[in-house]
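J.: Please find one structure pasted underneath; my questions will follow.
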Amino acid sequence: MSSGTVELKRKRLGPNLSEKHKSGPPIAPIFGWDAAFELPEIVPGEELVAYDMSGQPISGTGVDEWKCNGEIKEQKEETERQREEVQLYEARQQPAWNVSSSIGGRMINADPVFTQDEKFLILANRSSISVYSTSNSLLTTTLIPKVDVVKRPNARIIAYCISPTNPDHIWVAFADGAIYYINWISGEGADEFWTLSSNGCIHMTVASMVSGGRRRDVVFATELRSDKAWRITANELSLPGSKLPSASITIFTSTQMVNYLKSANEGEVLVATAEKSIMLGFLATDKYETLDKIRYEFRVFDSSAFISAIDVRCSIPHKEDEEDEVVAKRKGKKQKQKQKPKPIVDVVVGDAKGSIFVHNDLLRNLLNKERLKQESNISLLPQKLHWHRQGVQTVKWSLDGAYIISGGSETVLVLWQLDTGRHQFLPHMAATIQNVVVSPAGTSYAVQLKDNSAMILSTAELKATSNVAGIQSSVLAHEESIEVKVQRVEDEPLAHSLFQRTPATINPSDPSQLLVAVGQEHELHPIKPLALKRPYLQTFDLKNARSVGRQALTRSNITNINVAPGFGRMTEPTVTHMKLSFDGKWLATIDEWTPSEADLEHILHAGMDGIDERWRRREVCLKFWQMGQGEVWELVSRINAPHSFEDAAGAGRVLDLAADPSSTRFSTIGDDAVVRTWVTRSRKRDNVVVRGRYGTPLKNWDCHQSASMGKHGLDDNDRLQPRSVNGCVAFSEDGSILAVAAGGDNDGLLHLLDADSGTIRLSLNKMYEGHILQIDFLGQDLITLSDKVLLYDIAANEMRLSFGLTSEVTKLELSQKLEMLHLAVDPKSRTFAVATPGYAHDPKNLKTLLNLRSLLNQCSHLVVFSPKQRLPVFKQIFGTVITALLPAIGSEGFMFLDSAAEIYTCFQQGTHVVTAMAQSTSALKLEGSDNEAEDTMDISEDEDEHLGFLPGEDKKIANNPNFSFNFEDDETPVVTQQKLSEVFDIGPSFALPPMEELFYQVAGLFLGPPMTPAT
Amino acid sequence: MAYQIPKHQPVKLPQGPSPITPEQRYWRSFKSPQNVPSQSPVTHISFPPRSGNSQVPSNNDYFAVTTGTRVLLYSIRTRKAVKTFTRFGDIAHSGEIRRDGRVMVAGDDSGKIQVFDVNSRAILKTWTEHKQPVWTTKFSPTDLTSIMSASDDRTVRLWDLPSQENQTTFVGHTDYVRSGTFLPGTMSNMIVTGSYDETVRLWDPRVPGKSAMIFKHAAPVEAVLAMPSGTQVLAAADNQISVLDLVAGKPLQLLKNHQKTVTSLCLASDGTRLVSGGLDGHIKIFETSGWNVVSGSKYTSPILALNVISSGTKREDKHVAVGLQSGVLSIRTKLSGEQKIKARERAKEMQALVDGNIDDYDKTNKKKRTRGMEAKLRGIDYLGEGADVIIEGSERTKVKKETAWARDLRQGKFAKALDAILEENAAHIMPPIEVLSVLIELRHRSGLRVALQGRDETSIQPIFKWVLKHITDPRYVDVCVDTAILLLDLYSEHVGDSPNMAKAVRQLHVQVKREVERSQYAWQVKGMLNMLMVKMP
């Protein structure tokens, strides 16, 4: 084993640098590849696209001056003026828009951490650590380690644990090898870090070790070496204020990726896993003054399958338990008498095929087997437990070693009683169980699920005592899970690499409520993304950055065994569109389900691909929901196959859904190129209005009218190609006009319908190019998003703005465009925003096709336009894919959700941001009590307990003699009935004293004893 | 934090044009008809109206049925005839009981009005002032001693029980007066009558000599009914029912739902429903706000009289009594929940007796001993096997026990679930909608093939049978076709070996062929219609 010492120094970021990047999303490095929107001034040439109605490119004219009747004013000197204008505009406009820091985010796949007293549970997401109270599951504080995004683009938290020596602190490891040592109570230390490895860190664990009469934290980390090998290092990091230098030593190297590391018994035992092998290390030196003298011996043995979970448990052996030693002594080999006995090391291993192996007393067995090679009656055969159908995601020992707790994608928590071999189950969890942790006292389990939630279950009755849930929209997976290494029946990935848009909407009646359609599978493979199934609706509170509810919008498999007989997955329907009515009282959703191809194999003849047969069996539902009792959406009407073909079986897809901004009305367009308007009707039975429980008339949703747009639905060939056409509908702001574009090669034809009668009033040509993707109204302006962004003034009948998208975007497949291009209109600030995908790096540098396909290399451009200005008012590039873009109802600006499940707002400076993102630091409460404890009388019990933690607080209480009295005095005085009657019942009403006096008497009772004048 | 298992929801198919409404279900729940034949038509059914003052106890258990020359009193509780009054000179009319159940009045064809004591059946009073048949006699709803009568001699009279002569005579009708009633509540001194002179007249004893209000109709008025509000009166003339507003003095609505003359009207459901019966043999139930028909039923013979008899403090509808031209009195009864259980138990017991396994029946019933019974047997202090420990604060909503097949479905035992749902035992055949929802569920879980495969000749039969039966239903065709294709795919090679299977496949073939022909006809018709519609918008 090689060893080497590396000096580590803690770096401190410059305050201005870190301030600058404290807020704001990860910004992709800027390079020559510019935004998707080519502005005439920046890049000359063919990308400079501005067309008039007749399709003629206009060179260098102001967009304002285009006339849609083809009157083009040629102005030669225009370019010069424009350039000035741009500079002026940039100076004037650019700072006016801002992007807030993010909320939401996804918990990383790491064991949650209990604090020593079990009062707090610490969870982490990509860039921050959150401390939640276990009693009320509220966010107590958020720690954001400062990261310079530009210099460290792939910095994300990979592991964290409480310092065993100093339980006020946590160690946080980043993927780029940075280690932070943060006081989680005060937040100190969030801006300093050590760099363990320049190549990146994979996992980390910390043990408190004593040697040389000194106790210190030793940080064990698995790192990537520069020569494609992996190593485990032990590090002692010089804490602030300590004079000791940092020391580091490599204790193990491996050619396989060491992806998990755990220490036990104060660092005496280390276990690590790498692919199929388990490394068990033990401390081989008793005395080590400094860390570079530390020595570990490792034993490596292989398992049959990929290891996905491991846990280790150490106990000190009993005296009479030492048979082996006796045997050894009898053999005459005098040894190890003075050495302290090796601990009993029990290791439990879960593998990707679903087996769990229990190795009892592994270390001694390994050593003995080595020693007594000739008489190998010591069996290393572990106990095998098999219940999990798929990989074991997590496995843990109970504190006494009598139980094993395991979980996996069966969504069942399994408790194995080792002595009897019985198991106990807690079935029907919401999603795959990722991590289970037993609390320090063993009274509860913390369970982290794959749906971005964590809960604490009491050990005794397995009941949830608290639950923390974040936003559950899908994210891109950063690392391949070990599950992938086992061959399973897989679903068909999407034909093109794309990140599906997330149906989301903000509740207009409560702008802090974000409704998102979510599913169970949450992590998308960046290269082979599967089609997402989203059967649930999550209600997310933007103010507190927490989930407030989740309900199923379609059928779900949550309580079913989630494997189909063919070993594939049972598919759930997916919600494709979701809109709220203008008053937030009605929710319209569209869900779609298609049977899997495997189910229909028997129908297929040779050479048929079965798409047609699958579509015949497609189920599409339009559902209308009403907010009912208990803040749950209740289904009011379900319309099966709202757009079915007249002459063919199967339900046509619904391509777009629009809500009327002025009345409760929705409109849909489907595969059959028919626009339908849906309205409520009072439910009548025998012409009598049916009333509900509270006397309110019940409503139904009905198709009010339908209008056919063209004929493409009748063409059989069209139906055979998925997503070969698209259609869009949009209501004008006053609800009088319905704009409809039913795609196909019809030269950008767009119809304006009278929304009430459904008749076509006006048809416009060349309103879009290529496939129509989205349309919307902004006042009198109609905005279309296709290969161009067009803004057309309906009242003046002229084209106002026209921007072409770069070829990078236009050459995408239709399905990619549909899912990744976004348009949102904000009527409050009179602006609209467009989000487009792009490559985060120059495509020339992405050498392989795989890299080109990978969604991790995708970024997105967000551009905000104002109809009044010729140029975008704001644009920015983000390192992630935007999956939903919404107007931030309640404030001016936009809100978007990205592929890291983080929510940002983009707002104009100086406007009030209702959905302010600052609330993620709700640590204010804790900090506030620090300063104001003396003033506030209503200190709740909970906070009293906090006071004990705060180091500064003890002093304060001691220094302030009045403080302890406050607690007794602040009780409200008890006013008995008798005392009140002494005031009031003194005679008939006319004999009562004046009102004023009565008031003072009563007030006197409630005020309590009069203040005694200070002596 | 585990999720609760939701109850399995059967699929909801699109409803037809006229689904069964809750109202219809309600009126259909009047079951267990009792038909009492008699020699002559049943002309009148009445029971004491609800007292205006709810404090006044009404211990009346009778309703009066007038048929031929007799008036029969039936018990509301038992539906049995308990008393018969036969002392009429001629055909009796309109036997009415006073609301305290002690006195009954009836008129007859000779013009006599007789008042009987219900208990002793003695005649308390006889008035003979009417010279023509008396068709209507009624007690006042408020005054215990006032009686009104209407006669074919074109007069309407008011009587006081103690006095020998009538109090007031209302003259004005120009033809037979065949119907009449007191107005309810505070207006109960007023009378409304309907006559064959095609008028409905409102009489006020304070205005002697002429009627206070006249409503002209197009046909002789057969029945009048005052609404509980007191401002509306219903009158049946020919096959129409008119709704008359007394305040505005004008007709509000004309209900033309009957085909033939409407003979009787009554209120039901605490005055919120109107029930009418006519010579067309129909009874129709109207709601009283918009006067829409909400339900109805047909009888075998023209209806001459009907009443909805309510009982109890809540005045719930209990019986629908209908008197027919054929002399049959039909009483249909709505059983209360408890009664229903009792009736079911009785039916089970009878079935057990017939089957000869009454011992088993008794044994199973013995297990259902309640705690009260146990206490009776073991002493009053018996609390069961150890006192119950009730843990507060962990209320769980009671989840209905999931059926065996739903559990099998959830746990992926698809074939077992399908067998369970298709199993036919005499007691319980699953409705087809349940089978359909299981099949759809199987399709959703990719389990249809698994559920169908690996069966033998006998266990495949129920599936074939079900598919064959429902493949023609447009709402079921989708699933049936998929199932049939799978069946053929799985078992086609064995068809030759088994005559049963061959038969089933042949039947399926015939059925499908017929269905294809039908749909081809439908398409032809559609094509022809399209040709006609070509210029129409």
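Line order of the protein sequences matches chains E and H.
For the first sequence, full-length UniProt numbering assigns the number 1 to the initial residue and increments by one for each residue that follows.
For the second sequence, full-length UniProt numbering assigns the number 1 to the initial residue and increments by one for each residue that follows.
Note that beta-carbon positions come from the ideal geometry of N, C-alpha and C, so glycine has one too.
(1) Quick one: is D944/E buried, meaning 16 or more other Cβ sit within 10 Å of its Cβ, or exposed?
(2) Using a cut-off of 8 Å between C-beta atoms, extract the partners of F568/E located in chain H.
(3) Measure the C-alpha to C-alpha separation of D747/E and R800/E and round it to an integer number of angstroms.
(4) For R676/E, name the three-state secondary structure that DSSP assigns.
(5) Would you decide whether residue 572/H is buried or exposed? Buried here means 16 or more other CB atoms lie within 10 Å of its CB.
(6) Would you tell me roughly how many angstroms separate the C-alpha atoms of T222/E and I157/E, rounded to the nearest one?
(7) For R77/H and A106/H, what's the separation of their Cα atoms in angstroms?
(8) Comparing C-alpha positions only, which one of V115/H, D143/H, K125/H, V156/H sits nearest to W135/H?
(9) Spatial neighbours of N109/E within its chain, please: C-beta separation below 6 Å, excluding the five flanking residues on both sides.
(10) Give the list of continuous beta strand (DSSP E) stretches no shorter than 3 residues that lie fully inside the stretch 364-398 of chain E.
(11) Is it buried or exposed, S308/E, if we count other Cβ atoms within 10 angstroms and call 16 or more buried?
(12) Throw me the rounded Cβ distance for the T559/E and H388/E pair, which I believe falls under 8 Å.
(13) Since P837/E is in the beta strand (DSSP E), which residue starts that stretch and which ends it?
(14) Bridge partners for T84/H per DSSP, in chain order?
(15) Please report the straight-line C-alpha distance between F624/E and L413/E, rounded to a whole angstrom.
(16) Which chain E residues sit within Cβ distance under 7 Å of D489/H?
(17) Do A229/E and F220/E have their C-beta atoms closer together than 8 Å?
(18) Please report whether the beta-carbon of L714/E lies at a distance below 8 Å from any beta-carbon of chain H.
(19) By Cβ distance below 8 Å, which residues in the same chain neighbour R830/E in space, the five residues on each side in sequence not counted?
(20) How is N98/E classed by DSSP in three states: helix, strand or coil?
(21) Given residue 1029/E, which residues of its chain have a CB within under 8 Å of its CB, disregarding the five upstream and five downstream residues?
(22) Applying the 10 Å Cβ sphere with the 16-neighbour rule, what's the burial state of G893/E?
(23) Excluding the five sequence neighbours on either side, which residues of its own chain have a C-beta within less than 6 Å of the C-beta of R691/E, listed in chain order?
(24) Name the one or two DSSP bridge partners that E619/E has.
(25) In whole angstroms, what separates the C-alpha of A517/E from that of Q393/E?
(26) How many Å lie between S110/H and G249/H at the Cα?
(27) Tell me whether V99/E is buried or exposed, calling it buried when 16 or more other Cβ atoms sit within 10 Å of its Cβ.
(28) Which class does V150/E belong to by DSSP, given the choice of helix, strand or coil?
(29) Which residues, in order along the UniProt repeat "WD" (255-287) of chain H, keep a beta-carbon less than 7 Å from a beta-carbon of chain E?
(30) Cβ of Q383/E within 8 Å of Cβ of G408/E?
(31) So, helix, strand or coil for S263/E, using DSSP?
(32) Identify the contact partners of D599/E in chain H, using a Cβ-Cβ distance below 8 Å as the criterion.
(33) From Q56/E to L790/E, what does the alpha carbon distance come to, in whole angstroms?
(34) In this structure, how does DSSP classify E338/H when only helix, strand and coil are distinguished?
(35) In three-state terms, what does DSSP make of Y296/E?
(36) Check whether the stretch 131-139 of chain E touches the stretch 570-577 of chain E, counting contact only when three or more Cβ pairs, one atom from each stretch, lie closer than 8 Å.
T.: In short, the structure shows the following:
(1) Numbered from 1 along the first sequence, position 944 holds the residue referred to as residue 944/E. For D944/E, the predicted model reports a pLDDT of 39, less than 50, meaning its position is unreliable and no value from the coordinates is stated.
(2) Numbered from 1 along the first sequence, position 568 holds the residue referred to as residue 568/E. Position check: residue 568/E holds Gly in this sequence, whereas Phe was assumed. Annotation: Cβ neighbours of G568/E in chain H (cutoff 8 Å, chain order): S446.
(3) Counting from 1 along the first sequence, the entry for residue 747/E is found at position 747. Counting from 1 along the first sequence, the entry for residue 800/E is found at position 800. One C-alpha to the other measures close to 19 Å.
(4) Residue 676/E sits at position 676 when you count from the first residue of the first sequence. Strand at R676/E.
(5) Nothing can be reported for residue 572/H, as the shown portion of chain H is limited to 1 through 537.
(6) Numbered from 1 along the first sequence, position 222 holds the residue referred to as residue 222/E. Numbered from 1 along the first sequence, position 157 holds the residue referred to as residue 157/E. Annotation: T222/E to I157/E spans about 14 Å, alpha carbon to alpha carbon.
(7) Mapped onto the second sequence, residue 77/H falls at position 77. Mapped onto the second sequence, residue 106/H falls at position 106. Answer to the nearest angstrom: the Cα atoms are 23 Å apart.
(8) For the purposes of this step, residue 135/H is taken as the residue at position 135 of the second sequence. Comparing Cα positions, the closest option is V156/H.
(9) Sequence index remark: in the first sequence, residue 109/E carries index 109 (1-based). Counting only residues of its own chain and dropping the five nearest sequence neighbours on each side, N109/E has a CB closer than 6 Å to the CB of Q434.
(10) Taking only runs of at least 3 residues, the beta strand (DSSP E) segments lying wholly in the stretch 364-398 of chain E are 383-386, 392-397.
(11) Within the first sequence, residue 308/E is the residue found at index 308, counting from 1. Buried: at least 16 other Cβ atoms inside 10 Å.
(12) Working through the first sequence from its first residue, we reach residue 559/E at position 559. Working through the first sequence from its first residue, we reach residue 388/E at position 388. In fact, because the Cβ distance is near 18 Å, the residues do not count as touching under 8 Å.
(13) Within the first sequence, residue 837/E is the residue found at index 837, counting from 1. Note, P837/E: beta strand (DSSP E), 831-839.
(14) As a working note, residue 84/H is residue 84 in the second sequence. According to DSSP, T84/H shares a beta bridge with L72/H.
(15) For the purposes of this step, residue 624/E is taken as the residue at position 624 of the first sequence. For the purposes of this step, residue 413/E is taken as the residue at position 413 of the first sequence. For F624/E and L413/E, the distance between alpha carbons rounds to 35 Å.
(16) Here residue 489/H refers to the residue found at position 489 of the second sequence. Against D489/H, the close residues of chain E are H602, in the order they occur along the chain (beta-carbon pairs closer than 7 Å).
(17) As a first step, residue 229/E is located in the first sequence; it is residue number 229 there, counting from the start. As a first step, residue 220/E is located in the first sequence; it is residue number 220 there, counting from the start. No.
(18) Start at 1 with the first residue of the first sequence, and residue 714/E comes out as number 714. Confidence in L714/E is poor, its pLDDT being 43 and thus under 50, which makes the residue's placement unreliable; the coordinate value appears in the next sentence. Not one chain H Cβ lies under 8 Å of L714/E.
(19) What you label residue 830/E is simply residue 830 of the first sequence in a count that begins at 1. Here R830/E has L778, G779, S866, P867, K868 as same chain residues with Cβ atoms under 8 Å from its own Cβ, once five neighbours each way along the sequence are excluded.
(20) Residue 98/E sits at position 98 when you count from the first residue of the first sequence. Correct three-state label for N98/E: strand.
(21) The structure shown does not extend to residue 1029/E, since chain E is modelled only from 1 to 1015, so the question has no answer here.
(22) Reading the first sequence from its first residue, position 893 is the one you call residue 893/E. Flag for G893/E reads buried.
(23) One-based indexing of the first sequence puts residue 691/E at position 691. Cβ within range, chain order: P697.
(24) In the first sequence, residue 619/E corresponds to position 619, counting from 1. Answer is W593/E, bridged to E619/E.
(25) Position 517 of the first sequence, counted from the first residue, corresponds to residue 517/E. Position 393 of the first sequence, counted from the first residue, corresponds to residue 393/E. A517/E and Q393/E: Cα-Cα distance of roughly 26 Å.
(26) Taking the second sequence and counting its residues from 1, the one referred to as residue 110/H is at position 110. Taking the second sequence and counting its residues from 1, the one referred to as residue 249/H is at position 249. When rounded, the distance between both Cα atoms is 36 Å.
(27) Position 99 of the first sequence, counting from 1, holds the residue named residue 99/E. With 16 or more Cβ atoms within 10 Å of its Cβ, V99/E is classed as buried.
(28) Counting from one through the first sequence, the residue named residue 150/E turns up at place 150. Coil at V150/E, not helix or strand.
(29) Residues of the UniProt repeat "WD" (255-287) of chain H with a Cβ closer than 7 Å to any Cβ of chain E, in chain order: E287.
(30) Here residue 383/E refers to the residue found at position 383 when the first sequence is read from its first residue. Here residue 408/E refers to the residue found at position 408 when the first sequence is read from its first residue. No, they are not a contact pair.
(31) One-based indexing of the first sequence puts residue 263/E at position 263. Three-state DSSP puts S263/E in a strand.
(32) The residue you call residue 599/E lines up with position 599 of the first sequence. Within 8 Å Cβ-Cβ: R443, S446, L448, R449.
(33) Taking the first residue of the first sequence as position 1, residue 56/E is located at position 56. Taking the first residue of the first sequence as position 1, residue 790/E is located at position 790. Residue placement at Q56/E cannot be trusted, given a pLDDT of 42 that sits under 50; what the coordinates show is reported in the next sentence. Cα-Cα distance, rounded: 14 Å.
(34) Translated into positions along the second sequence, residue 338/H becomes position 338. Helix, per DSSP.
(35) Residue 296/E sits at position 296 when you count from the first residue of the first sequence. Looking at Y296/E - three-state DSSP - the assignment turns out to be strand.
(36) Contact check between the stretch 131-139 of chain E and the stretch 570-577 of chain E: fewer than three CB pairs, one atom from each, fall below 8 Å, which does not count as touching.
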